[in-house]
Amino acid sequence: MRSEPRRSVVIHGHFYQPPREDPWTGDVPREPSAAPFHDWNRRIHDECYRAVVAAHVLDGKGRIRSVVNTLDWISWDAGPTLLRWMARETPDTYRAFLAADARSAARLGHGNALASPYHHIILPLASRRDKVTEVRWGITDFRRRFGRSPEGMWLPEAAVDTETLEVLAAEGIAFTILGPGQVASEPDGGRPGRVKLPSGREIAVFVYDGGLSHDVAFGDLIKDGSAWVQRIAEDARERALVALATDGETFGHHRRWGDMALAAVAAAMQDHPTVRADNFAAFLEHDPPREDIELVEPSSWSCAHGVERWRSDCGCRIDTSKPKAQGWRAVLRDALDELSDSLHGAFEAEGRAIVADPWAARDAYGQILDRGDAAAGEFVRERATRELSDAEVARAVTLLEMQHDALAMFTSCGWFFDDIAGLEPLQVLRYAARALDLAGDTAAGWEERLRTRLAEAVSADPEEGDGARLWDEKVRGGAPAEVDAPSGDDTVGVARALVIAVQRFVRDPGGKAASGVVAAAEAAETAGIPIPFEAQAHLGRNLARLRAAAPAVTRRVALRLGFSEKAMEAVPVTAGLGTDKRTSVDADGRSLFVDRVLPAELDHEAYAHGDYEPLRSWSEQMSHRISAEDGQVVVSLSAPGDGQLDKRIELHGDGRVVVTYRWDASAFPPDAYFAPELSFRADAVPELVLEPPAEATWRHEIRTTSGSEGDPEGLVQGVSVTPLWRCAGGEARISFSLAAVTTNG
């Protein structure tokens, strides 16, 4: 007797957190409400993200039977801004997310991961142009991380209208997921439906089971994996596909031990006689839509009133025990819409004088997000219609960054919660503030107009006041605030005051802020404290923009912090180790600790002559943090994005140097070489200890190109030492001792 085929089950988890980074510094400030953790990302990571990729399946005696990466077995999406944070701060978890998609693709022929728009904005409330940019940036980010094109896309808050689906279909997205209340009628048997669009295109829509999803997210099913599997099996008797969708944070954060319940369900379905874990793309391949369906629009999965939660006082809120008081939502939406129109107008007007098509440039800008000033400058020059000056290139990059923040200020979380004084509304206002900063003189009067509008947005907490007060105290005055000069005995306080003064100047490069930097630098000099590396690096990262926006005061600040006159004319200082005080004379531009991925077929001769293109180079793209740990100085560097690299340099008091590398092995061909290049003086090359042993170590002389006219290559500048490890390994370490080096002078 022939058995019935196993029915498909798709559990979808939407993983997302609001972006929490300070827009000016890129660092996540401490969030006291997340205590004992530093911030909510850290807390939710430990409670959920780390847990779902290593969830425990228990036996009958409460012992661990197996450890499961549940993302291997469920459909999921992760917001690009969350993945960006994860790649930088929790690389092991990040790699586990990527690996789960790769394994599911190998098993099913289609990966479990779905893309999502870059910022978590409510697309039905955005212009068509902003929809396109958000979707294109999201697709670009997905391709860079997962190494494939996305087949499906999760919409923020599942918010949808016809134009949104038109944009998805035009960009090659085959399907999305909606709730049962978002369609006029559900397709038969849980199968996908087909939405025919005015353009003639069409897109598939999967409708998740509302009752099942609710009972997992808010009911008792998540407490009992066996009951959950039984419910799925019962539903599958009547359906070709059982699909549920919930926040990914349900599994461990919203619901404690939810990760273990999910792991138990995933494990049970592997051997279940009637149901099996599937994903939407694989199901769509063998069972395409049979019915046309109509949207209920605009609609979302988290507002019973369509998308009113993000523009009016519709009554949706978190704490229903308190009076309804969300009139601020309409004020915030209208004020930021007005500012956005102004920013977009300035971008188009200024941009057309620099690049051929500013809006096409914005759409493509997602290709180089987080790749550093050099990549951004090259991006602009490629799109220019004429030769550009350095100042024009810097201004174009500034305008594109302004557009990034103009989009980020509509992140949905700014409206989702109950009060304008919360973390999330303040965060979107900080993006608005940085966009105003980047707009420069063009924005004269816009900020006061915004502030006037915000005065109409009243907090439910009388102590917080209104939006204008919050703008003054917690947006403009809060990060960082003016700091009284500490006493000379407080060396840590003196150094920190200088860092804060520089951060303030970078945010608002005016005369008052410049005077603050100079005063703080003089206080440090009086106390005998060197200029903090953090202060120099932060100014250096922003030097190109500051030179273009406020050259006179920027020169004053830069010279006081130890920059040369040359720095005010040349390319911007990058955030590397900061050891180079003079321009390199090496023809290939090499410097200490440049890290690359080299093609497997490259030979030493071609490498020594610079006759090659690396698969990846991190020489100008490393964020950094410096700390003192157990009598040693530690420099922690990170380059997120394609081929995530984390590097730790330990400088021990006895002269030992230990450099540890960890990279994303899945981002490169396994036989390619991870190849850090170290440059030493010719008479001072230490013995290197390599762990694991390198497959090869290339050495060659580095010769100057700035010698005499008669003998331009007659002087050996140093020695290049490059160990090679296969990329598949994912990590390596180099140790050497400077104390053991003997020199000839």
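To convert, take the position in the sequence shown, counting from 1, and add 24; that gives our numbering.
Where is the CB? At the ideal position from N, CA and C, for every residue including glycine.
By the CB criterion at 8 Å, L82 and R74 fall outside the cutoff. R218 sits away from S32, with the two beta carbons spaced by 8 Å or more. A Cβ-Cβ contact shorter than 8 Å links K155 with V191. Excluding the 5 residues flanking it on each side, V320 has same chain C-beta neighbours closer than 7 Å at G205, Q206, V207, A208, in chain order.
For the 8 Å CB-CB criterion, L132 and L179 do not form a contact. Take T114, set aside five residues on each side of it, and the residues of its chain with a beta-carbon closer than 8 Å to its own are H69, Y73, R74, in chain order. Scanning its chain for C-beta atoms nearer than 6 Å, with the 5 sequence neighbours on each side dropped, one finds around P747 the residues L714, A718, T721, in chain order. Assignment of T49 by DSSP, reduced to helix, strand and coil, places it in the coil class. Proximity to D316 across E210, D125, R263, T344 peaks at E210, based on C-alpha coordinates.
Sorting H143, E402, R30 by C-alpha distance to the C-alpha of C437 places H143 at the top. In the three-state reduction of the DSSP assignment, W334 falls in the helix class, which pools H, G and I.
If you look at H80, you'll find it in the beta strand (DSSP E) that goes 79–82. Cβ neighbours of R167 within its own chain (closer than 8 Å, five residues either side excluded): S173, P174. The continuous alpha helix (DSSP H) containing Y631 extends over residues 628–632. For G176, the pairing in a beta bridge is given by DSSP as F199. For secondary structure counted as the alpha helix (DSSP H) over 4 or more consecutive residues, the region 236–284 holds these complete runs in sequence order: 249–260. With a 10 Å radius around the Cβ and a threshold of 16 neighbouring Cβ atoms, P556 comes out buried. In this model, Y455 and A492 are separated by some 15 Å (Cα to Cα). If you check the CB distance, V743 and R757 do not come in under 8 Å. Between the region 219–233 and the region 326–341, the count of Cβ pairs shorter than 8 Å is below three; the stretches do not touch. Distance from A385 to L431 at the Cβ level is roughly 14 Å; contact not present, criterion being Cβ atoms closer than 8 Å.
Looking at the backbone, the Cα of E637 and that of H628 are separated by about 13 Å. The alpha carbon of H38 has as its nearest neighbour, out of G50, T200, H633, L308, the alpha carbon of T200. Counting along the chain, A582 sits inside the alpha helix (DSSP H) bounded by residues 575–584. Ranked by how close their Cα comes to the Cα of G753, the residues F760, A415, S366, S690 have S690 in first place.
Between the region 672–680 and the region 619–626, the count of C-beta pairs closer than 8 Å stays below three; the two stretches do not touch.
The C-beta distance from P694 to T435 rounds to 37 Å, too long to fall under 8 Å, and the pair is not in contact. If you draw a straight line from the Cα of S413 to the Cα of G401, it is about 11 Å long.
Assignment of beta strand (DSSP E) within the region 663–706, counting only whole runs of 3 or more residues, yields 669–676, 680–687, 697–704 in chain order. In this structure, the alpha-carbon of P60 lies about 10 Å from that of R54. For I555, the three-state secondary structure derived from DSSP is coil. The continuous alpha helix (DSSP H) containing D397 extends over residues 397–406.
Between the alpha carbons of V542 and Y389 lies a distance of about 35 Å. Q656 carries a strand assignment under DSSP once its states are collapsed to helix, strand and coil. One thing to note: V184 has its Cβ no nearer than 8 Å to the Cβ of S99. The region 150–165 makes no contact with the region 119–132: fewer than 3 CB pairs, one atom from each, lie closer than 8 Å.
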